[in-house]
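Here the sequence shown stands for residues -18 to -1, 1 to 160, where the numbers follow mature numbering (1 follows the signal peptide of the UniProt record, and there is no 0).
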Amino acid sequence: MAPMLALVIFASLSSALAFRADGKEEVNSIHQHTEHTAEESSQLHASNATGDDIDGAIAQASMVHQQMLKVAKTGITGYAAVNGARCPTSVPGMNMAVEDGYDYGAGCKWQETCLCPNSPYYVCATTGRISNPSGFTGVFISTFGYCRMGWWVFVGGGALVVMLLTVMYFGIMYYIIK
C-alpha cells in the first residue's frame, strides 16, 4: 500500500510540474489511465479539438492533476483507516524528490482525512518554519502538508524550564535566609 501511495503522490505532483509546451503526449497518456465524469470527458475532448492550443492543454493537465489528487487523497484515507486516523510517517520512494522530514505526516492538509502522528505535539503545516523550501519539496508540502513540532512545544518547554529554575532559586534562597 505504501509504495502505491508514493507512486500516486509523485505522479500527481509531476503532472502539475512537468509537461511539454503543447501538453499533448504526457497529458493524453495520463488521461487514458484515469476515470472522468461525462462532463469532464467532454471538456477534455473539446480542449483537444483546438489542436496545439496551450490553454486547452493546461486545462487538461489541471483536470488530470485534480483527478490524481483525488486518488492520492483516497490512498491517504485508506492508510489512515488502517492506522488509527494517522497520516503516514513517511512516503516510501519520495526521499529522492522531497527533502528529509517534509514527508512526515503527508496529507495532513486534508484534516478530514488524517491527523498528524504524535499529535498534539506535532501540528500540520503547508509552509516551512522559517522559509519555504524550493522546487518539488515546496510544491509537495503546499499540496499535501506535513507534520512538524508545534511552536507551543518550544515555548511551553522554555517556560517550564524558567519556572523550574525560579522555584529552585527561591527554594534555595529560603533555606539560606532561614
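No residue lacks a Cβ here, since even glycine has one placed at the ideal position from N, Cα and C.
Keep in mind the model is a prediction, meaning the values are calculated, not measured.
Exclusion of the five residues before and after ARG68 leaves ALA62, CYS96, LEU97 and PRO99 as the residues of its chain whose Cβ lies within less than 7 Å of its Cβ. In the DSSP assignment, VAL105 falls within the unbroken beta strand (DSSP E) covering 104 to 107. Counting the other Cβ atoms within 10 Å of the Cβ of GLY140 gives fewer than 16, which makes it exposed.
When DSSP states are grouped into helix, strand and coil, TYR84 belongs to the coil group. By the neighbour-count criterion, in which a residue is buried when 16 or more other Cβ atoms sit within 10 angstroms of its Cβ, LEU142 is exposed. With fewer than 16 other Cβ atoms inside 10 Å of its own Cβ, ILE154 counts as exposed. Of the candidates GLY38, GLY66, TRP92 and TYR151, TRP92 places its Cα closest to the Cα of ILE123. By the neighbour-count criterion, in which 16 or more other beta carbons inside 10 Å mark a residue as buried, GLY83 falls on the exposed side. Going by C-alpha positions, GLY117 is about 43 Å away from LEU146. Comparing C-alpha distances from VAL137 to each of ILE58, TYR103, GLY60 and ILE40 shows the shortest one belongs to TYR103. The straight-line gap separating the alpha-carbon atoms of ILE112 and ILE159 is approximately 47 Å. Under DSSP, CYS90 forms no beta bridge with any residue. The straight-line gap separating the alpha-carbon atoms of VAL80 and VAL121 is approximately 9 Å.
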